[in-house]
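Chemist: Under mature numbering (1 follows the signal peptide of the UniProt record, and there is no 0), read the sequence shown as residues -22 to -1, 1 to 320, first letter to last. A virtual CB, placed ideally from N, CA and C, is assigned to each residue, including glycine. Remember, it's a predicted structure, so these values are computed and weren't measured experimentally. Got a structure for you, written out below as structure tokens; questions coming shortly.
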Amino acid sequence: MARTGLMISCLLLYLKFFPTAEESIDYYNQKRCVDGKGLALPSQIRYVKYYERTLTYFNGEVQPGRRCMLRGFRLHKCPYWVRPSITVSDFNGVLFTTKKHPRTKDLSPDELWFAAPKKGIMVFALPGEPGLTELAGDFKVHFHDRQGDFYCWLNTTMMENRKILSTSDLDGFDKRKLPSPGFQVEVVLVDYESRPVPTPATPTTPAASKPDESSAASSPAQDSAATTTTTKAPGTREKDDVFSDDEGSSRGKREKSTPTATATTPSDLETKPSSDSVATVTQKTEQVSITDAKQPATETRSQAPVGTNPAAPANPEVSEFKAMAADASVFTFGDDEDYESD
């Protein structure tokens, strides 16, 4: 019934029986159904309005789909019980789904959404990537939620780069179990030609500490390890630490906590040829070798994510997603009006 109503309403517009989509839909609903709900799905009503714009501005010629990149989603005035997973598709099939994407497939729906700096807004995006998927023309966004699914059909040519949909604009939302007053979904697109290129954050290099006099006579193994550590480029650090505020301080503490062994110079051997001095030199040499053997393991454990077992490393994609999502500025989409929540 609804598909028939969509076509008849568009035909009434084409034959110029009515000048607007609202009048055409109202006429069909009154003539077709007693309760006046013949054409009631929000997406179908939206496409009748799309056809009205096509007749008005394009002389009835269907325009090619505008190529866009789907940047992400915002949920405005979102209650805690609304945390859906997402599937984006078109007439050719699925384009993106959080259930199969390598960075989100191991996350629960509650972990997909993060609070934006603006109060009452939950945001979903893929940090460090230009967007979720490329779009052109008609596309469907399906939200899978435990309280009931809802979805919408949109067209990239007929919409702005930012489209806010209320509950009355979402198909199936009125059949959900729990009400959500004031709830809105914002779809964020960017033009494909000018899509943002992710730029890595500039790492903050911790201030180089001056060597102490006691460490001036460090062993050759420690000197080579220190040289390797200091010659690493700042841009080679792990992506999980890009948005960590205390990374520099933690690295400084790790360097200070590394035990330093004092090596014995040849002059000391010459001045103390006794058996006691030989035993002392042997003991110190063993301490140096033990310290060098333990130092890589200590550094490896310090780089492991907090709360994980070093023997069983966590999924790197999931860890990267959570670490980058810790910075709320990732999800502002370039807005200046966002502010910190109370």
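Run the CB neighbour count on Glu30, radius 10 Å, all protein chains shown included, and call it buried at 16 or more, exposed below.
Modeler: Buried.
Chemist: Just to confirm, are Lys77 and Gln125 a CB contact at a threshold of 8 Å?
Modeler: It is not a contact, given that the beta carbons lie outside the stated cut-off.
Chemist: Exposed or buried, which one is Val119 when buried takes at least 16 other CB atoms within 10 Å?
Modeler: Buried, because 16 or more other Cβ atoms sit within 10 Å of the Cβ of Val119.
Chemist: When you compare the CB positions of Leu33 and Ser(-14), do they come within less than 8 Å of one another, or not?
Modeler: Against a cut-off of 8 Å, the Cβ pair of Ser(-14) and Leu33 comes out as no contact.
Chemist: Specify the secondary structure class of Leu74 as computed by DSSP and reduced to three states.
Modeler: For the sequence presented, residue 74 should be read as Phe rather than Leu. Of the three classes helix, strand and coil, the one that applies to Phe74 here is strand, per DSSP.
Chemist: Express the C-alpha separation of Thr65 and Lys83 in angstroms, rounding to a whole number.
Modeler: Distance between the alpha carbons of Lys83 and Thr65 is about 12 Å.
Chemist: DSSP three-state call for Glu39: helix, strand or coil?
Modeler: The answer is coil: DSSP assigns Glu39 none of H, G, I, E or B.
Chemist: Can you check DSSP and say which residues form a bridge with Gly50?
Modeler: Gly50 is bridged to Val166.
Chemist: With a cut-off of 8 Å, do at least 3 Cβ pairs link the region 157 to 165 to the region 129 to 144?
Modeler: Because the criterion of three Cβ pairs below 8 Å is met, the region 157 to 165 and the region 129 to 144 touch.
Chemist: Per DSSP, Ile99 forms a beta bridge with which residues?
Modeler: In the DSSP output, where bridge partners are listed per residue, Ile99 has His54.
Chemist: Can you tell which of Tyr(-9), Glu112, Phe117, Trp91 has its C-alpha closest to the C-alpha of Glu39?
Modeler: Ranking Tyr(-9), Glu112, Phe117, Trp91 by Cα distance to Glu39 puts Tyr(-9) first.
Chemist: Excluding the 5 residues preceding and the 5 following Pro57 in the sequence, name in chain order all residues of the same chain whose CB lies nearer than 7 Å to its CB.
Modeler: Ser158.
Chemist: Alpha carbon to alpha carbon, how far is Trp59 from Asp149?
Modeler: Rounded to whole angstroms, Trp59 to Asp149 spans 19 Å at the Cα level.
Chemist: Let me know if Leu85 comes out buried or exposed under the rule of 16 or more other beta-carbons within 10 Å of its beta-carbon.
Modeler: Looking at its Cβ environment, which holds 16 or more other Cβ atoms inside 10 Å, Leu85 is buried.
Chemist: Could you please give the first and the last residue of the uninterrupted beta strand (DSSP E) stretch that includes Glu112?
Modeler: Where Glu112 is concerned, the enclosing beta strand (DSSP E) stretches over 111 to 114.
Chemist: Between Trp131 and the rest of its own chain, which residues show a CB-CB distance below 6 Å, the 5 nearest in sequence each way excluded?
Modeler: Same-chain partners within the cutoff: Ser21, Lys118.
Chemist: Apply the 10 Å Cβ neighbour rule to Arg61 and answer buried if 16 or more other Cβ atoms are within range, or exposed otherwise.
Modeler: Buried, since its Cβ has 16 or more Cβ neighbours within 10 Å.
Chemist: If you draw a straight line from the C-alpha of Pro105 to the C-alpha of Tyr170, how long is it?
Modeler: So the two alpha carbons sit approximately 17 Å from each other.
Chemist: Looking at the structure shown, is Phe92 part of a helix, part of a strand, or coil, going by DSSP?
Modeler: DSSP places Phe92 in strand when its eight states are reduced to three.
Chemist: Quick one: measure Cβ to Cβ for Leu73 and Thr111, integer angstroms, because I've assumed they're closer than 8 Å.
Modeler: Leu73 to Thr111, Cβ: 4 Å. Contact.
Chemist: Within 10 Å of its beta-carbon, does Phe151 have 16 or more other beta-carbons around it, so buried, or fewer, so exposed?
Modeler: Buried is the call here.
Chemist: What's the call for Tyr35, buried or exposed, on a 16-neighbour Cβ count within 10 Å?
Modeler: Classification of Tyr35: exposed, given that the 10 Å Cβ count is below 16.
Chemist: Checking the sheet assignment: what are the DSSP bridge partners for Ile142?
Modeler: Paired residues: Glu164.
Chemist: I think Leu(-12) touches Leu167, with their Cβ atoms under 8 Å apart; what is that distance to the nearest whole Å?
Modeler: With a Cβ gap of about 31 Å, Leu(-12) and Leu167 do not count as contacting.
Chemist: So for Leu(-10), helix, strand or coil by DSSP?
Modeler: Residue state, collapsed to three classes: helix.
Chemist: In chain order, what residues of the same chain have a beta carbon less than 6 Å from the beta carbon of Trp91, not counting five sequence neighbours either side?
Modeler: Taken in chain order, the residues that qualify are Arg61, Met100, Phe102.
Chemist: Excluding the 5 residues flanking Ala(-21) on each side, which residues of the same chain have their C-beta closer than 8 Å to its C-beta?
Modeler: Hits under 8 Å: Gly16, Leu17, Ala18, Leu19, Gln22.
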